[in-house]
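Enquirer: Protein chains in written order, with our numbering: chain B, 447 to 786; chain Z, 17 to 167.
Where is the CB? At the ideal position from N, CA and C, for every residue including glycine.
Can you keep this structure in mind? I'll have questions shortly.
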């Protein structure tokens, strides 16, 4: 069993070959970060153009590194959404053409399903488990009870956690991407020097809200005039702490509301790379007697190995290829079609 | 052009005004939302969208996807956040032509340059000394703001 997958939903172009046992034969990620840095964010048209320029070469490289050729493959998959429409179109059309030309089935995969199943690729986690998916575009708690069986327990009502990192970093005059820049600035900062809100803390549901925190950071910055480097460090630390505490609190609530005892707590998405977020979730999981599973950093961000794995899981459980083929900018995980 | 200024003491007042403005809108209308990071552009847009279609329980920030579309009684509504747009023409890659047949809300409209339609509503949100209150100045085509006056 071999799958080739293409991922182009945001600012990374990626291609990977994975086998049915979960061995990653190749996983190549071309980051457009360097191209985006001058703009302080992802620029969609730049993204679509860069995906187009890279995808052919990346696919050839993924096949070459895996030491396989097109005829060896059993299935070809592309990320079908959610994401930026221009980038999605590139990956979907390229993948479909490649599948058509080589007579292989094509799977359109929900990017979030890729994140949701990564823990099974890396740690063979058994169903059911609780997933906290935290990235620049998404912040949600998902009950994963099987392939194609996802129930969202909570989601953000406004900004994603990663977006809050990015925007707070911008307000503090730190670099892009904001997450790593803010984490670096927070080192040596005093998180208690500034009081920031922790939205939704203690709420009965499992939802998130980060828009108010962003506004509060802005208010502090304006109030300080020109913050000193020490104040920037303290504000960065306070912001990071507020985000991490919110994530841990909402995850704790989801664990209480889960339909049964999960096999593990899984965290995925780019924000899972943040060490304070990981530390707080580890404490939470240990308190509940659960293991915190965090896929390695290179599989936390966007990559194609997770898309290949999702296609393989669907293949192996007999869920047929999802073949509508239309890229979807908006595609909630629990609306992921179980079959064609 | 008609212009009106509002003081919005809290989010509830913002939501109330957004709902009233939403009901005035017709297909082809463009609402340009001006304001700094954290000024409340997305909050205003969310309140407007949810007032028109209460079934839309999730109106995420479009910063990541750049555009989100919704069904409202007047047809389709497109919510743009052009903060990350490289050049104005790039908006055509984001369904701009389709969107113009419906109602369009645009955050960071200055990214559109000369492509920003001349006939539009301009909403300028500014911070006040208080964290939750905002000042809002609406500039609209002649005759479009009358029913906003009361309350």
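(1) If you compare alpha carbons, which of Z:114, Z:136 and Z:64 is closest to residue 73 of chain Z?
(2) From what residue to what residue does the alpha helix (DSSP H) around residue 107 of chain Z run?
(3) When we look at the beta-carbon of residue 66 of chain Z and count the other beta-carbons within 10 Å, is it buried (16 or more) or exposed?
(4) Against residue 605 of chain B, what residues of chain Z qualify as contacts under a CB-to-CB distance less than 7 Å, listed in chain order?
(5) Alpha carbons only, please: which of B:561, B:586 and B:608 is nearest the one belonging to residue 624 of chain B?
(6) Are the stretch 517 to 536 of chain B and the stretch 719 to 726 of chain B in contact at 8 Å, needing three or more beta carbon pairs?
(7) Apart from the five residues on each side of it in sequence, which residues of its chain come closer than 6 Å, Cβ to Cβ, to residue 53 of chain Z?
(8) Is residue 687 of chain B near residue 604 of chain B, with beta carbons less than 8 Å apart?
(9) Does chain B have any CB closer than 8 Å to the CB of residue 54 of chain Z?
(10) State whether the stretch 499 to 512 of chain B contacts the stretch 456 to 467 of chain B, with contact taken as three or more CB pairs (one from each stretch) at a distance under 8 Å.
(11) Use the C-beta contact count for residue 23 of chain Z: other C-beta atoms within 10 angstroms, 16 or more gives buried, fewer gives exposed.
(12) DSSP puts residue 142 of chain Z in a beta bridge; with which residues?
(13) I'd like the span of the alpha helix (DSSP H) that includes residue 760 of chain B, first residue to last.
(14) Rounded C-beta distance between residue 255 of chain Z and residue 121 of chain Z? I'm assuming under 8 Å.
(15) Which runs of the beta strand (DSSP E) spanning at least 3 residues fall entirely within the stretch 586 to 612 of chain B, listed in chain order?
(16) As a quick exercise: from B:558, B:513 and B:594, pick the residue whose alpha carbon is nearest that of residue 713 of chain B.
(17) Could you tell me which residues DSSP puts in a beta bridge with residue 501 of chain B?
(18) Taking contact to mean 3 or more Cβ pairs, one atom from each stretch, closer than 8 Å, check whether the stretch 669 to 687 of chain B and the stretch 698 to 716 of chain B are in contact.
(19) Enumerate in chain order the residues of its own chain whose CB-to-CB distance from residue 80 of chain Z is below 8 Å, with the five nearest sequence positions on each side excluded.
(20) Please report the straight-line C-alpha distance between residue 774 of chain B and residue 753 of chain B, rounded to a whole angstrom.
(21) Any beta-carbon of chain B closer than 8 Å to the one on residue 66 of chain Z?
(22) Here's a check: name, in chain order, each residue in its chain whose Cβ is nearer than 7 Å to the Cβ of residue 777 of chain B, leaving out the five neighbours to either side.
(23) Rounded to whole angstroms, what's the CA-CA distance from residue 93 of chain Z to residue 35 of chain Z? Just pull it up for me.
(24) What does DSSP give as the partner residues of residue 465 of chain B in its beta bridges?
(25) Residues of chain B with CB closer than 7 Å to the CB of residue 19 of chain Z, please, in chain order.
(26) Looking at the unbroken beta strand (DSSP E) that takes in residue 526 of chain B, where does it start and where does it end?
(27) Note the first and the last residue of the continuous beta strand (DSSP E) segment covering residue 21 of chain Z.
(28) So, for residue 667 of chain B: in the same chain, excluding its five sequence neighbours on each side, which residues have a beta-carbon less than 8 Å away from its beta-carbon?
(29) When we look at the beta-carbon of residue 750 of chain B and count the other beta-carbons within 10 Å, is it buried (16 or more) or exposed?
(30) Does DSSP classify residue 554 of chain B as helix, strand or coil?
(31) Counting only Cβ-Cβ distances shorter than 9 Å, please list the residues of the stretch 78 to 100 of chain Z near chain B, keeping chain order.
(32) Look at residue 139 of chain Z and residue 50 of chain Z and say whether their C-beta atoms are less than 8 Å apart.
(33) For the stretch 624 to 676 of chain B, which segments carrying the alpha helix (DSSP H) assignment without a break, of at least 4 residues, lie completely within its bounds, in sequence order?
(34) I'd like to confirm the pairing. Which residues does DSSP put opposite residue 459 of chain B in its beta bridges?
(35) Could you tell me whether any Cβ in chain Z is nearer than 8 Å to the Cβ of residue 582 of chain B?
(36) For residue 74 of chain Z, return the contacting residues in chain B, with the cut-off set at a CB-CB distance below 7 Å.
Expert: Looking at the coordinates:
(1) One-based indexing of the second chain puts residue 73 of chain Z at position 57. Selected option, being the one with the closest Cα: Z:64.
(2) Here residue 107 of chain Z is taken as the residue at index 91 of the second chain, counted from 1. Note, residue 107 of chain Z: premise wrong, no alpha helix (DSSP H); not H, not E.
(3) Residue mapping note: residue 66 of chain Z aligns to position 50 of the second chain, counting from 1. By the neighbour-count rule (16 or more Cβ atoms within 10 Å), residue 66 of chain Z is buried.
(4) As a first step, residue 605 of chain B is located in the first chain; it is residue number 159 there, counting from the start. Here the neighbours are 77.
(5) What you label residue 624 of chain B is simply residue 178 of the first chain in a count that begins at 1. Looking only at B:561, B:586 and B:608, the smallest Cα-Cα distance to residue 624 of chain B is reached by B:608.
(6) A contact is defined here as three or more CB-CB pairs under 8 Å, and the stretch 517 to 536 of chain B fails this definition with respect to the stretch 719 to 726 of chain B.
(7) The residue labelled residue 53 of chain Z in the question sits at position 37 within the second chain. In its chain, beyond the 5 residues on either side, no residue has a beta carbon closer than 6 Å to the beta carbon of residue 53 of chain Z.
(8) Taking the first residue of the first chain as 1, we reach residue 687 of chain B at position 241. Taking the first residue of the first chain as 1, we reach residue 604 of chain B at position 158. No, these two residues do not count as a Cβ contact at 8 Å.
(9) Mapped onto the second chain, residue 54 of chain Z falls at position 38. Yes - at least one Cβ of chain B is within 8 Å of the one on residue 54 of chain Z.
(10) Contact annotation: the stretch 499 to 512 of chain B touches the stretch 456 to 467 of chain B, with at least three C-beta pairs closer than 8 Å.
(11) Taking the second chain and counting its residues from 1, one reaches residue 23 of chain Z at position 7. The Cβ neighbour count for residue 23 of chain Z, taken over all protein chains shown within 10 Å, is under 16; the residue is labelled exposed.
(12) For the purposes of this step, residue 142 of chain Z is taken as residue 126 along the second chain, with counting starting at 1. Note: residue 142 of chain Z sits in a beta bridge opposite Z:151.
(13) Within the first chain, residue 760 of chain B is the residue found at index 314, counting from 1. From DSSP, the alpha helix (DSSP H) with residue 760 of chain B extends over 751 to 762.
(14) Nothing about residue 255 of chain Z can be read from this structure; chain Z reaches only from 17 to 167.
(15) When DSSP assignments are scanned along the stretch 586 to 612 of chain B, the uninterrupted stretches of beta strand (DSSP E) that are 3 or more residues long and fall wholly within it turn out to be 595 to 601.
(16) Mapped onto the first chain, residue 713 of chain B falls at position 267. Checking every option, the nearest Cα to that of residue 713 of chain B belongs to B:558.
(17) Mapped onto the first chain, residue 501 of chain B falls at position 55. Beta-bridge pairing links residue 501 of chain B to no other residue.
(18) The stretch 669 to 687 of chain B, when compared against the stretch 698 to 716 of chain B, does not touch it at the 8 Å Cβ threshold.
(19) Reading the second chain from its first residue, position 64 is the one you call residue 80 of chain Z. If we look at residue 80 of chain Z and ignore the five residues flanking it on each side, it has no Cβ neighbours.
(20) Indexing the first chain from 1 puts residue 774 of chain B at position 328. Indexing the first chain from 1 puts residue 753 of chain B at position 307. Taking the straight line from one Cα to the other gives about 16 Å.
(21) Residue numbering aside, residue 66 of chain Z sits at position 50 when the second chain is read from its first letter. Not closer than 8 Å to any Cβ of chain B, the Cβ of residue 66 of chain Z fails to qualify, so no.
(22) Along the first chain, one-based indexing puts residue 777 of chain B at 331. So the qualifying residues of the chain are 527, 528 and 556.
(23) The residue you call residue 93 of chain Z lines up with position 77 of the second chain. The residue you call residue 35 of chain Z lines up with position 19 of the second chain. Counting only the Cα atoms, residue 35 of chain Z lies some 14 Å from residue 93 of chain Z.
(24) Here residue 465 of chain B is taken as the residue at index 19 of the first chain, counted from 1. In DSSP, residue 465 of chain B forms a bridge with B:448.
(25) In the second chain, the residue the question calls residue 19 of chain Z occupies position 3. Within chain B, no residue has its beta carbon less than 7 Å from that of residue 19 of chain Z; the closest one is some 26 Å off.
(26) Mapped onto the first chain, residue 526 of chain B falls at position 80. Note, residue 526 of chain B: beta strand (DSSP E), 521 to 527.
(27) Here residue 21 of chain Z is taken as the residue at index 5 of the second chain, counted from 1. Segment 18 to 24, the beta strand (DSSP E) holding residue 21 of chain Z.
(28) Looking up residue 667 of chain B in the first chain gives position 221. Answer for residue 667 of chain B: 617, 618, 673 and 681, listed in chain order.
(29) On the first chain, position 304 is the one that residue 750 of chain B refers to. Label assigned to residue 750 of chain B: buried.
(30) As a first step, residue 554 of chain B must be located in the first chain, where it is residue number 108. Three-state result, residue 554 of chain B: strand.
(31) Taking 9 Å as the Cβ-Cβ cut-off against chain B, the residues of the stretch 78 to 100 of chain Z that qualify are 79, 80, 81, 82, 83, 84, 85, 99 and 100.
(32) Residue mapping note: residue 139 of chain Z aligns to position 123 of the second chain, counting from 1. Residue mapping note: residue 50 of chain Z aligns to position 34 of the second chain, counting from 1. Their beta carbons are under 8 Å apart, which means residue 139 of chain Z touches residue 50 of chain Z by this criterion.
(33) 624 to 632 and 657 to 670, all fully within the stretch 624 to 676 of chain B.
(34) For the purposes of this step, residue 459 of chain B is taken as the residue at position 13 of the first chain. In DSSP, residue 459 of chain B forms a bridge with B:476.
(35) Working through the first chain from its first residue, we reach residue 582 of chain B at position 136. True, the Cβ-Cβ gap to chain Z drops below 8 Å.
(36) In the second chain, counting from the first residue as 1, residue 74 of chain Z sits at position 58. Chain B residues near residue 74 of chain Z: 601.
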